[in-house]
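Colleague: According to the numbering used here, the stretch in the sequence shown is residues 303 to 792, in order. Where is the CB? At the ideal position from N, CA and C, for every residue including glycine. Since the model is a prediction, treat every value here as computed from it, not as a measurement.
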Amino acid sequence: MTLLLWCAASALGQSSAGAFTPTGAMTTARSWHTATLLNNGQVLIVGGVTNYSFSATASAELYDPTRGTFSPTGNMTAPRATHTATLLPDGRVLIAGGSSSLGENVPFLTTAEIYDPSTGTFIATSDMLHGHDCGQAHMLNNGKVLLSGGSPFPSNNQVPIPDAQLYDPTTRSFAAAGTYAAVHPFSIGCGGRAETLLSDGRVLIVWEDDVAEIYDPETGSFTQTGKPLGPPYNFGFATATLLMDGNVLVAGGAEGDGVNQGISKLTELFDVLTGSFAPAGSMPGPHDGASATLLPNGAVLIAGGDFGALTPQGHADVYDPVSDMFRAGPEMVTRRTLHTATLLNDGRVLIAGGFTTPSYPSGATSLAELYTPDVLTPAPVLLSVTGDGQGQGAILHAGTARLVTASDPGVPGEALEIYGTGLQDGSVIPPQVAIGGRLAEILYFGNAPGFTALNQVNVRVPSGVTPGPAVSVRLTYLARPSNEVAIGVR
Numbered sequence: 303m304t305l306l307l308w309c310a311a312s313a314l315g316q317s318s319a320g321a322f323t324p325t326g327a328m329t330t331a332r333s334w335h336t337a338t339l340l341n342n343g344q345v346l347i348v349g350g351v352t353n354y355s356f357s358a359t360a361s362a363e364l365y366d367p368t369r370g371t372f373s374p375t376g377n378m379t380a381p382r383a384t385h386t387a388t389l390l391p392d393g394r395v396l397i398a399g400g401s402s403s404l405g406e407n408v409p410f411l412t413t414a415e416i417y418d419p420s421t422g423t424f425i426a427t428s429d430m431l432h433g434h435d436c437g438q439a440h441m442l443n444n445g446k447v448l449l450s451g452g453s454p455f456p457s458n459n460q461v462p463i464p465d466a467q468l469y470d471p472t473t474r475s476f477a478a479a480g481t482y483a484a485v486h487p488f489s490i491g492c493g494g495r496a497e498t499l500l501s502d503g504r505v506l507i508v509w510e511d512d513v514a515e516i517y518d519p520e521t522g523s524f525t526q527t528g529k530p531l532g533p534p535y536n537f538g539f540a541t542a543t544l545l546m547d548g549n550v551l552v553a554g555g556a557e558g559d560g561v562n563q564g565i566s567k568l569t570e571l572f573d574v575l576t577g578s579f580a581p582a583g584s585m586p587g588p589h590d591g592a593s594a595t596l597l598p599n600g601a602v603l604i605a606g607g608d609f610g611a612l613t614p615q616g617h618a619d620v621y622d623p624v625s626d627m628f629r630a631g632p633e634m635v636t637r638r639t640l641h642t643a644t645l646l647n648d649g650r651v652l653i654a655g656g657f658t659t660p661s662y663p664s665g666a667t668s669l670a671e672l673y674t675p676d677v678l679t680p681a682p683v684l685l686s687v688t689g690d691g692q693g694q695g696a697i698l699h700a701g702t703a704r705l706v707t708a709s710d711p712g713v714p715g716e717a718l719e720i721y722g723t724g725l726q727d728g729s730v731i732p733p734q735v736a737i738g739g740r741l742a743e744i745l746y747f748g749n750a751p752g753f754t755a756l757n758q759v760n761v762r763v764p765s766g767v768t769p770g771p772a773v774s775v776r777l778t779y780l781a782r783p784s785n786e787v788a789i790g791v792r
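Right, dumping it as C-alpha cells:
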C-alpha cells in the first residue's frame, strides 16, 4: 500500500497542477457563508454577508455539478454569517450559531436549525448553550457534532469561550463538551484557530496563541499536545488539513508579534503519533484566509486568500506529502479570500463566493469556479446485488457468505462486511458509515483479502436503528458520500 501511495504521489509531482475554469454564478453574492456537499451530490450554500452591507442573509441555494448552475432553496429561519454547517448521518444539515451582522455590538446567535434536502426547508432545533460565532464543527465518530472555538459576545467585548459544545442528533439538543485545557484570550475571533478531525476520531485544535490541544470524545476532555513552532507564526486564518498518513498540515495565516503583522508562507506538520510539530515545506507564496482541500490523490490544494493589506489573491499551490514540497498551482479565475472550497463527487473542487476587493464587505462576489485536477477520482461506491448500486447491498453477516436481507436481517451490535470501491491505498483515514441514519462503529477498512481493487469495511450495526426490510446504508469518505444501498435490520 505504501508503494502504491508513493507511486501515486510521484505521478502527481511529475504532472501539471490542474486548472480552474468558470462555472455558473450564485444567485446571491456572499462571503462568510458555508458550503456543504449533500448526499445527492449537490452543494448547499447557506447564509453569509452580501455585497451591500455587513448584514447577514437568510438565503440559501443549491449547486448542481451536473448542470453547473445554482438555484435557490428555502430560506433559513434567521439570517446568519460566520456560522457552522455539518452534514448529519441522516443526510440533513445542522446550521448553528454565527451572527446576524459583522458590525459592532451585535449579539452572537444561540439559535440552530436543520436543513432537510428532501423538502428544501429549514426548521429550528434546540438552542445552543451560549452564542457561538466563528466556531468550527466536526462530525465525530459517535454521531455527535463537536462545536469548538469562537466567542459568545460581540466583537467590542469579546471573551474566550471556556468550553465546547456537543449536538446530539438523536435528542436534538446541545450539551457541554468539556473545558479547554488552556484559556486562549487572543484566539477568540474568526480565524483564531485551525482545526481538523484526526483519523483516530479525536480533534486537533491549533490556537492562534501558539498552543495546541486535542479533544478526545472517549473521555470528553481536552489535553494540551506539543507546542506549535510559535512566534512569529500566529496561525490567524491558517488552515489545518488531515493527510492520508494521519498527520496534519498546518499552512499559512498571519505572522508577527501582534504589532508587526504579515502573511505567512510557512507550513508545519503535526505528527499524530508523537504529538509534536515540525517544519514542512514553504509555500511558493503567502496565504491567509485561503481554502485547503485534501484531494483524493493525497495532495492538498491551497487556493486564494489574501497576501497582505486584506488584498485578495488568485494564486493556488499544491502540496505533495511524499516529497514534503509545494509547487505553484494554476491561477484562479477570480481573486478571492474567505471563500468556500468543496470537494465534489466527481473529484473536482467547487470554489464559491468570498471577497474580491479589500473593501469588505462590498467586495463579496457571486462568482464561482471549478478546480479540475489532472486525474479525476470519483466518490466511493457501495456494491449492490443487482450491480447498479441500488437496492439490496452486497453486505454480508461477518464471517459468512449470507447476505443481510429482509429475510435474514442484521441486528444491533452485529458485525457486518460491506463491499465497495473508492478507498485510497495506504490511507489511514477511515470512512464513516451510516445505517438507518446512525453512525456505525468501524471495525476494519481497507482492501478485501485477496483483492487489490475491492474494498471491505466491517462495521457494527448501531443501536437505535428503526427496524425494517430496507434500511439505508451509506458510506462517506473524504467528505464525499457514496450511493445508498439497503439491508434488513431486526
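Specify, as a first and last residue, the run of the beta strand (DSSP E) that Met-546 falls within.
Modeller: No beta strand (DSSP E) contains Met-546, which DSSP labels as neither H nor E.
Colleague: Find out if the Cβ-Cβ distance for the pair Asp-465, Gly-480 is shorter than 8 Å.
Modeller: Contact: yes.
Colleague: On the DSSP bridge list, what partners appear for Tyr-417?
Modeller: BP columns for Tyr-417 point to Val-395 and Phe-424.
Colleague: Less than 8 Å separating the beta-carbons of Val-791 and Gly-693?
Modeller: No, they are not a contact pair.
Colleague: Quick one: what does DSSP say Ile-731 is sitting in, helix, strand or coil?
Modeller: Correct three-state label for Ile-731: coil.
Colleague: Check whether the region 663-678 and the region 757-776 touch, using three or more Cβ-Cβ pairs below 8 Å as the test.
Modeller: Contact between the region 663-678 and the region 757-776 is absent, because fewer than three Cβ pairs lie under 8 Å.
Colleague: Go ahead and pull the three-state DSSP assignment for Gly-600.
Modeller: Gly-600 falls in the coil class under three-state DSSP.
Colleague: By how many angstroms is the C-alpha of Val-485 removed from the C-alpha of Ser-819?
Modeller: The chain is shown from 303 up to 792; residue 819 falls before or after that span and cannot be answered.
Colleague: Gly-649 by DSSP, collapsed to three states: which one?
Modeller: It is coil, neither helix nor strand.
Colleague: Any chance the region 638-647 sits against the region 601-618, with 3 or more Cβ pairs inside 8 Å?
Modeller: Flag = yes, the region 638-647 and the region 601-618 touch.
Colleague: The beta strand (DSSP E) with Glu-719 in it runs from where to where?
Modeller: Residues 717-723.
Colleague: Measure the CB-CB distance between Leu-411 and Arg-369 and report whether it falls below 8 Å.
Modeller: Not closer than 8 Å, so no.
Colleague: Taking C-alpha atoms, which residue in Met-430, Thr-423, Pro-471 and Leu-431 lies nearest to Lys-446?
Modeller: Looking at the Cα atoms, Pro-471 is the closest of the given residues.
Colleague: According to DSSP, is Ala-321 helix, strand or coil?
Modeller: Residue state, collapsed to three classes: strand.
Colleague: Measure the CB-CB distance between Thr-276 and Gln-438 and report whether it falls below 8 Å.
Modeller: The structure shown does not extend to residue 276, since the chain spans only 303 to 792, so no value can be given for it.
Colleague: Count the other CB atoms within 10 Å of the CB of Lys-529; is the residue buried (16 or more) or exposed (fewer)?
Modeller: It is exposed - the Cβ of Lys-529 has fewer than 16 other Cβ atoms within 10 Å.
Colleague: Specify, as a first and last residue, the run of the beta strand (DSSP E) that Val-775 falls within.
Modeller: Counting along the chain, the beta strand (DSSP E) containing Val-775 begins and ends at 770-779.
Colleague: Closer than 6 Å by C-beta to Ser-489: which residues in its own chain qualify, once you throw out the five before and the five after it? Chain order, please.
Modeller: For Ser-489, the predicted structure reports a pLDDT of 48, less than 50, and the residue's modelled location is therefore unreliable. The matter cannot be settled from this model.
Colleague: In the DSSP output, what is Gly-405 paired with across the bridge?
Modeller: BP columns for Gly-405 are empty, so no partner.
Colleague: Output the distance between the C-alpha atoms of Thr-541 and Asp-590, rounded to the nearest integer angstrom.
Modeller: Near 9 Å, if we compare the C-alpha coordinates of Asp-590 and Thr-541.
Colleague: Do Leu-448 and Phe-476 have their C-beta atoms closer together than 8 Å?
Modeller: Cβ atoms of Leu-448 and Phe-476: not closer than 8 Å.
Colleague: According to the Cβ coordinates, are Thr-644 and Gly-655 closer than 8 Å?
Modeller: Cβ atoms of Thr-644 and Gly-655: not closer than 8 Å.
Colleague: Name the DSSP bridge partner or partners of Thr-525?
Modeller: Answer is Ile-516.
Colleague: Count the other CB atoms, across all protein chains shown, that sit within 10 Å of the CB of Phe-539; report buried if there are 16 or more and exposed otherwise.
Modeller: Result: buried.
Colleague: Taking Cβ to Cβ, would you say Phe-372 is nearer than 8 Å to Val-635?
Modeller: Against a cut-off of 8 Å, the Cβ pair of Val-635 and Phe-372 comes out as no contact.
Colleague: Verify whether the separation of the beta carbon atoms of Gly-343 and Pro-367 is less than 8 Å.
Modeller: A contact, by the Cβ cut-off of 8 Å.
Colleague: Is Arg-792 helix, strand or coil by DSSP?
Modeller: Residue state, collapsed to three classes: coil.
Colleague: How many angstroms separate the CA atom of Ala-398 from the CA atom of Glu-520?
Modeller: Whole-angstrom Cα-Cα distance: 24 Å.
Colleague: Which whole-angstrom value is the C-beta distance of Val-345 and Leu-652, which I expect to be below 8 Å?
Modeller: Their Cβ separation, rounded to whole angstroms, is 6 Å, which keeps Val-345 and Leu-652 in contact under 8 Å.
Colleague: Out of Gly-554, Ala-514 and Pro-632, point me to the one whose CA is closest to Phe-579's CA.
Modeller: Selected option, being the one with the closest Cα: Ala-514.
Colleague: With burial defined as no fewer than 16 other Cβ atoms inside 10 Å of the residue's Cβ, what is the status of Ile-425: buried or exposed?
Modeller: Result: exposed.
Colleague: On a Cα-Cα basis, can you pick out the residue from Met-627, Val-348 and Gly-554 that is closest to Gly-422?
Modeller: Residue Val-348 is the option with its Cα nearest to Gly-422.
Colleague: Does the distance from the CB of Gly-616 to the CB of Glu-633 come in under 8 Å?
Modeller: Cβ distance < 8 Å, so Gly-616 and Glu-633 count as in contact.
Colleague: Considering only residues of the same chain and omitting the five flanking positions on each side of Val-763, which have a CB-CB separation below 7 Å?
Modeller: Excluding sequence neighbours, Val-763 sits near Gly-712, Val-713, Pro-714, Gly-715, Glu-716, Leu-718, Ile-737, Ala-742 and Val-791.
Colleague: From Ala-582 to Thr-576, what does the alpha carbon distance come to, in whole angstroms?
Modeller: When rounded, the distance between both Cα atoms is 16 Å.
Colleague: Taking Cβ positions, are Ser-566 and Gly-555 nearer each other than 8 Å?
Modeller: Yes.
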